[in-house]
Amino acid sequence: MSSKIRVLLVDDSPIALGVLKKLLEPARDIEVVGTARHGREGLELIASTRPTVVVTDYHMPVMNGAEFIRQVLADHPLPILVVSSTLRRDESATSVALLEAGAVDLFPKPYLALEADFERVSQEFIGKVRTASRATVFRRHRRPDAAHRIAPPAPAGTPVATSWNATRLIAIGASTGGPQALGTILPSLPRTLPAPVVCVQHISSGFTAGLVEWLNQKCALAVKVAEDGERALPGTIYFPPCEIHLELEPSGRLSYSKADPVQGHRPSVTHLFHSVARVLGPKAAGVLLTGMGEDGASGLLAMARAGAYTIAQDEASSVVFGMPKVAIELGAARETLPPERIGPRLIALCAGT
């Protein structure tokens with residue numbers, strides 16, 4: 001019999017703690033082993049409760065979520081799930097920044113009575129906890145921001161696109177652990193990049209605006225939520241809105257789709273990648289980053305078969321080596337790289353060198 005996922009809940013609100021415990025009750029493989037009212041108490045409980053996953057609020061007295069995450073990851077290799085408000089855009093952006101600090105994922109804080117929607121919210125929360133329990137957690141030390149370091153050159157002999165095949169659009173997909181990787185790759189791209197970048201990041205509903213705002217503070221390129229029918233232009237990074245697929249049209253415009261979820265996801269990485277393969281073929285580059293499951297793997301294969309340059313994140317740097325692993329097994333990835341080397345590769349592809 002496999003051991004249960006042991007969860008420590010940290011929140012200053014007794015009501016919130018009660019709601020979170022109730023949401024996890026239907027899962028027989030999950031056990032709440034402790035509750036804490038603030039980060040300092042949470043740190044004290046880790047040794048005695050031995051949690052598999054820590055679930056924490058952001059705004060707390062004594063020690064807030066940010067400091068708690070820093071201390072946990074400096075001393076304990078534990079996956080952390082942040083439960084946070086999505087009602088205020090500034091708080092949403094701050095919560096996304098906690099992912100760069102090392103939290104595994106976000107979940108919107110349930111404020112209202114859940115009777116009408118309890119089953120859906122419960123299953124989503126349980127799914128987040130299960131995914132977090134499988135995450136690879138990297139011990140964090142104080143060091144310069146990796147997103148602003150120059151990456152080493154690619155090994156000699158690594159194939160790149162030729163000048164007649166210079167990349168005209170970059171498509172990127174990510175799930176769990178994706179914001180950390182995007183926070184390294186996207187800020188490394190220069191304002192003069194001659195290709196638009198279109199990204200799909202699996203993230204809980206309500207956090208997309210915060211993700212965009214957080215990246216805008218870090219990137220030379222403009223970052224925005226794509227509008228239906230908007231032309232994809234160089235100098236801009238586009239994300240789909242919540243719960244909507246994004247696809248590339250032959251006209252070069254981005255369009256919305258309410259088609260069924262693909263492998264449980266809408267927006268879907270595979271949906272985007274297939275459209276890019278159809279429209280641009282060898283004139284595109286596809287990147288599949290860390291994440292649970294296999295969304296994007298078959299789409300990356302379609303891009304590869306159409307002649308696009310394809311990259312998967314390597315296992316050593318992936319928080320969850322699921323999506324890129326499947327892509328590699330399918331033969332969809334021409335290269336396997338860590339995030340700090342993906343940005344320089346994309347710059348070279350766009351230059352045709």
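Each residue of the sequence shown is one higher than the one before, counting from 1 in the numbering used here. Built from N, CA and C at the ideal position, the CB exists for glycine as well. If you're wondering where the values come from, they're calculated on a predicted model, not measured in any experiment.
- Separation of the CB atoms of K128 and L98 is rounded to 14 angstroms, and the pair is thereby denied contact status at 8 angstroms.
- The beta carbons of D29 and V83 sit no closer together than 9 angstroms.
- Residue N216 holds the alpha-carbon nearest to the alpha-carbon of L189 among K4, N216, G177.
- Rounded to the nearest angstrom, the gap between the Cα atoms of L9 and A132 is 14 angstroms.
- DSSP, reduced to helix, strand and coil, places I311 within a strand of the structure shown.
- Counted as a single uninterrupted DSSP element, the alpha helix (DSSP H) harbouring R130 occupies residues 118-133.
- Remark: C-beta atoms of G173 and G286 approach each other more closely than 9 angstroms.
- Annotation for R168: A195, L280, K283, A284 place their beta carbon closer than 7 angstroms to its own, counting only its chain and skipping 5 residues before and after.
- Under the three-state reduction of DSSP output, H76 falls in the coil class, being neither helix nor strand.
- Beta-bridge partners assigned by DSSP to K224: Y238.
- Boundaries cannot be given for C219, as no beta strand (DSSP E) includes it and DSSP labels it neither H nor E.
- In this structure, L106 is the residue among L106, M292, Q263 with its C-alpha nearest to the C-alpha of G210.
- Sequence-distant partners of S298 (beyond 5 residues in either direction) whose C-beta falls short of 6 angstroms from its own C-beta, in its chain, are T270.
- Here the stretch 55-66 lies against the stretch 27-45, with 3 or more beta-carbon pairs under 8 angstroms apart.
- A distance below 6 angstroms between beta-carbons, with the five flanking residues on each side excluded, links R6 to the following residues of its chain, in chain order: E31, V33, P51, T52.
- Ranked by Cα distance from S3, the first of R130, Q180, I15 is R130.
- When C-alpha distances from I185 are compared across K109, S317, M63, P267, the shortest belongs to S317.
- The C-beta of Q123 has fewer than 16 other C-beta atoms within 10 Å across all chains shown, which makes the residue exposed.
- In the assembly as shown, P61 is an exposed residue. Its beta-carbon has fewer than 16 other beta-carbons within 10 Å.
- Boundaries for V320: no beta strand (DSSP E) harbours it, and the DSSP string shows neither H nor E there.
- Between S251 and P108 a beta carbon distance of about 35 angstroms is seen, past the 8 angstroms cut, so the two are scored as non-contacting.
- Rounded to whole angstroms, the gap between the alpha carbons of L272 and V200 is 8 angstroms.
- Residue environment for I170: buried (at least 16 other C-beta atoms within 10 angstroms of its C-beta).
- The alpha carbon of V72 has as its nearest neighbour, out of S95, A93, S85, I46, the alpha carbon of I46.
- Shortest Cα-Cα distance from M292 to any of V104, K22, H76 involves V104.
- A Cβ-Cβ distance of about 5 angstroms is found for the pair A332 and A304, placing them in contact under the 8 angstroms criterion.
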